[in-house]
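Asks:
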Amino acid sequence: MFGHAVYGKEKTTTIVPRKFREENINPKNFLKLKQKIKIKSILILDRTKPRFEKTCVLDHVNRSGFNFFIGTDRISGYPMFPDMSNIYSPIKGFRKIKVHTLGPARFLKGAKGIEVISEFTGLVSPVWHYVGVKVFCKTI
82 MFGHAVYGKE KTTTIVPRKF REENINPKNF LKLKQKIKIK SILILDRTKP
132 RFEKTCVLDH VNRSGFNFFI GTDRISGYPM FPDMSNIYSP IKGFRKIKVH
182 TLGPARFLKG AKGIEVISEF TGLVSPVWHY VGVKVFCKTI
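Numbering-wise, the sequence shown is residues 82 to 221 according to the numbering used here.
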């Protein structure tokens, strides 16, 4: 569905992009998913180094060298430059952290001198936020 595998279970729906590429992950596809499945909020699970338990992301720095907004067409009724200052919603009872997102390939290699790195939340979360979905991110 719009470049994603969608699995449903009663009140929970799991959405997985078929490929981690712009033809799958982009504002138009996320907006279509939001409308089709009626998504109001999303819980993103992201890997971090080091690993943490009971921790949520409240901020990120995109160090991947990539952005899913670049090269995409503007969606009518949505801002050209959206406010990205408060993307994440906290998860009650969880430790809150800021991550540096490297992207899947660079995440596997790691990075020296960066306190906490993540695989992809800094790439995907802004797109969900842009289309009006409340974003939660838990580290795994």
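For each residue, glycine too, the CB sits at the ideal point set by N, CA and C.
According to the neighbour-count rule (16 or more other Cβ atoms, all chains shown, within 10 Å of its Cβ), is TYR211 buried or exposed?
Replies: buried
Asks: State buried or exposed for PRO108, treating a residue as buried only when at least 16 other CB atoms are found within 10 Å of its CB.
Replies: By the 16-neighbour rule on beta-carbons within 10 angstroms, PRO108 is buried.
Asks: VAL216 and ILE198: beta carbons closer than 9 Å?
Replies: no
Asks: Under the three-state reduction of DSSP, which class applies to ASN107: helix, strand or coil?
Replies: coil
Asks: Contact check, LEU183 vs PHE147 under 8 Å by CB: the rounded distance?
Replies: Not really, about 10 Å apart at Cβ, beyond 8 Å.
Asks: Below 8 Å on the Cβ atoms is my contact criterion, and I expect PRO171 with LEU139 to pass it. Report the Cβ-Cβ distance as a whole number of Å.
Replies: So it is a contact: roughly 6 Å between Cβ atoms.
Asks: Less than 8 Å between C-beta atoms, sequence neighbours within five positions excluded: which residues of the same chain meet that for THR94?
Replies: VAL87, TYR88, ILE118, ILE120
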